[in-house]
Amino acid sequence: MNVWLVVLLAGVGSYLFRVSLVMLADRVILPERLERTSAFVAPAAFAALAAGGIAASTIGVEFALALPPLVAVAAAILAVFLTQSAIAAVLAGMPTLWVLSMVLGG
Amino acid sequence: MTNGTVEPVARVRGDAFAAGARAMLPWLAGIVPFGLIIGVSAAQADIPTLAGWLTGPTVYAGSAQVATIELLNVGAAPAVILLTVLIINLRLVLYSGAIAAHWRGTSWRWRATAAYLLIDPSFVVGMDRYQRHGDRHDAHRYYLGGAITLWVAWLLALGAGAVFGARLPTALRLEFVIPLYLVGEVVRRLDDRATRRAALTAAAVAVVASSAPLHLGVVLGIVTGLIAGATVRERNG
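Residue numbers (the numbering used here), protein chains in the order written: chain A, 1 to 106; chain B, 1 to 237.
Here it is, written out as structure tokens:
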């Protein structure tokens with residue numbers, strides 16, 4: 001299946017979710033458990049996607065190459081603790097990554 | 001304000017769309033950088049940049065778009081990509097169910113359009129207005145004002161990121177911007193115990209399963225994270 005078709009199908013599926021209960025209209029009571037669980041979707045998805053991306057840059061590569069991303073993540077976490085802003089993670093993490101990569105010759 | 005305490009009805013109605021758009025503005029401060037970053041990642045990924053940008057008007061949900069682009073980039077199987085996207089977007093069914101009562105009696109075409117624009121910020125802005133008393137038509141216009149503002153800003157941000165990102169050298173390692181931004185989004189939410197459990201479980205499983213076949217690591221992480229979060233809250237009552 002090609003890239004365009006995947007994007008299109010992902011869009012169609014997402015739209016069907018959006019429109020589903022709106023079209024069924026009359027009051028639909030959703031299970032409370034489902035509603036509670038949905039609160040964790042964003043943090044779980046963000047964490048899994050972030051961890052997957054970090055793992056791809058660090059697992060199975062030599063130490064000198066794995067170190068800059070790991071320190072960048074640490075700098076990002078510290079910056080967010082201090083500022084409570086997600087973009088601070090990028091503003092602190094990327095320069096850390098660049099500097100360390102340069103120093104370690106990555 | 002010119003004629004005392006009651007504003008003319010026509011003026012209020014005309015303003016409902018603009019009021020919705022204004023209510024969306026604070027959200028844009030957090031959303032536009034995310035859109036820019038996703039646009040950059042679409043440009044840097046090993047897929048046509050336009051296909052990455054198209055996740056905007058089709059999937060129209062930041063985290064699901066990230067999953068689509070990242071998984072396409074690593075060559076994951078289409079079924080795995082679709083499964084991941086649909087699990088991330090399952091919450092849209094909840095939003096659909098919650099807002100359905102307010103859209104009852106509207107035309108089929110209106111609902112089809114309004115539902116297309118349904119996503120976390122438009123849901124919150126819209127529900128806030130629907131739950132207040134007042135004219136329903138104004139509330140619909142308010143929802144559309146907010147939702148359309150968000151849609152335009154999102155697609156522009158993705159486009160700007162994609163154009164800008166295509167010109168940047170790979171030595172900048174911009175593929176790392178998305179994980180860092182997501183780390184930021186997660187760290188911000190760690191105050192709540194159940195959320196913390198969900199996020200840390202999801203991250204741990206995604207790392208351990210990062211070499212799982214078919215790139216199933218991300219979706220496994222999300223599902224176990226959801227289960228971990230849900231069980232904590234239940235025990236707490």
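Don't be surprised by glycine CBs; every beta carbon is placed ideally from N, CA and C.
For clarity, every value in this text was computed on a predicted model and none was experimentally measured.
Counting only Cβ-Cβ distances below 8 Å, A:Glu-35 has contacts in chain B at Leu-94, in chain order.
Secondary structure at B:Arg-129: helix, using DSSP grouped into helix, strand and coil. Note on B:Pro-121: 16 or more other CB atoms within 10 angstroms of its CB, so buried under the neighbour-count rule.
Chain B places a beta carbon closer than 9 Å to that of A:Phe-40, counting this residue as a contact.
A residue is called buried when at least 16 other Cβ atoms come within 10 angstroms of its Cβ; A:Glu-62 does not meet this threshold and is exposed.
Contact between B:Arg-111 and A:Met-23 holds, with the beta-carbon distance rounding to 7 Å and staying under 8 Å.
Excluding the 5 residues flanking it on each side, B:Ala-139 has same chain C-beta neighbours closer than 6 Å at Arg-129 and Tyr-130, in chain order. If the five residues before and after B:Asn-89 are omitted, its C-beta is found closer than 6 Å to the C-beta atoms of Ala-61 and Ala-64, all from its own chain and listed in chain order. In the DSSP assignment, A:Gln-84 falls outside any alpha helix (DSSP H) and carries neither an H nor an E.
Taking 9 Å as the CB threshold, B:Arg-136 stays off the interface with chain A. Exposed is the label assigned to B:Ser-107, since fewer than 16 other Cβ atoms lie within 10 Å of its Cβ. A contact between stretches requires three or more CB pairs, one per stretch, nearer than 8 Å, and the stretch 40-48 of chain B fails this requirement with the stretch 137-157 of chain B. By the Cβ-count criterion, B:Gly-75 is exposed, with fewer than 16 other Cβ atoms from all chains shown falling within 10 Å of its own Cβ.
Within the stretch 6-60 of chain B, the complete alpha helix (DSSP H) runs of at least 4 residues fall at 9-44 and 49-58. When Cβ-Cβ separations below 9 Å define contact, B:Ile-47 makes contact with chain A. By the 16-neighbour rule on beta-carbons within 10 angstroms, B:Arg-91 is buried. Any Cβ of chain B closer than 9 Å to the Cβ of A:Ala-64 would place that residue at the interface, and such an atom is absent. Of the residues B:Ile-81, B:Arg-22, B:Gly-52 and B:Thr-58, the one whose Cα lies closest to the Cα of B:Leu-220 is B:Ile-81. Proximity of the stretch 40-60 of chain A to the stretch 180-188 of chain B meets the contact definition, three or more beta-carbon pairs being nearer than 8 Å. Residue burial annotation: B:Gly-52 is buried, with at least 16 other C-beta atoms found within 10 angstroms of its C-beta. B:Ala-202 is positioned such that its CB atom lies closer than 9 Å to that of B:Ala-228. Here the C-alpha atom of B:Ala-18 lies approximately 31 Å from the C-alpha atom of B:Arg-188. Below the 7 Å Cβ cutoff, chain A contributes Val-22 and Met-23 as neighbours of B:Arg-111, in chain order. Pairing A:Pro-43 with B:Ala-198 gives a Cβ-Cβ distance under 9 Å. Here A:Ala-86 has Val-80 as same chain residues with Cβ atoms under 7 Å from its own Cβ, once five neighbours each way along the sequence are excluded. Within the stretch 158-194 of chain B, complete alpha helix (DSSP H) segments of at least 4 residues are found at 177-187, given in chain order. Between B:Phe-176 and A:Pro-69, the C-beta spacing is below 9 Å. With a threshold of 16 other beta carbon atoms within 10 Å, A:Trp-4 falls short and is exposed. Check the Cα spacing between B:Phe-34 and each of A:Ala-88, A:Ser-57 and A:Leu-97: the tightest is with A:Ala-88. Look at A:Val-61: its C-beta is not under 9 Å from any C-beta on chain B. Secondary structure of A:Glu-35 (DSSP, three-state): helix. In this model, B:Val-223 and A:Val-90 are separated by some 26 Å (Cα to Cα).
When the beta-carbon positions are compared, B:Leu-155 and B:Gly-20 stay at least 9 Å from each other. Within the stretch 53-72 of chain B, the residues whose Cβ lies closer than 8 Å to some Cβ of chain A are Leu-54, Thr-55, Pro-57, Thr-58, Val-59, Tyr-60, Ala-61, Ser-63, Ala-64, Val-66, Ala-67, Thr-68, Glu-70 and Leu-72, listed in chain order. With respect to the 9 Å criterion, A:Ala-64 and A:Gly-105 are classified as neighbours on the basis of their beta carbons. One finds Ser-38 and Val-41 in chain A with Cβ atoms closer than 7 Å to the Cβ of B:Arg-91, taken in chain order.
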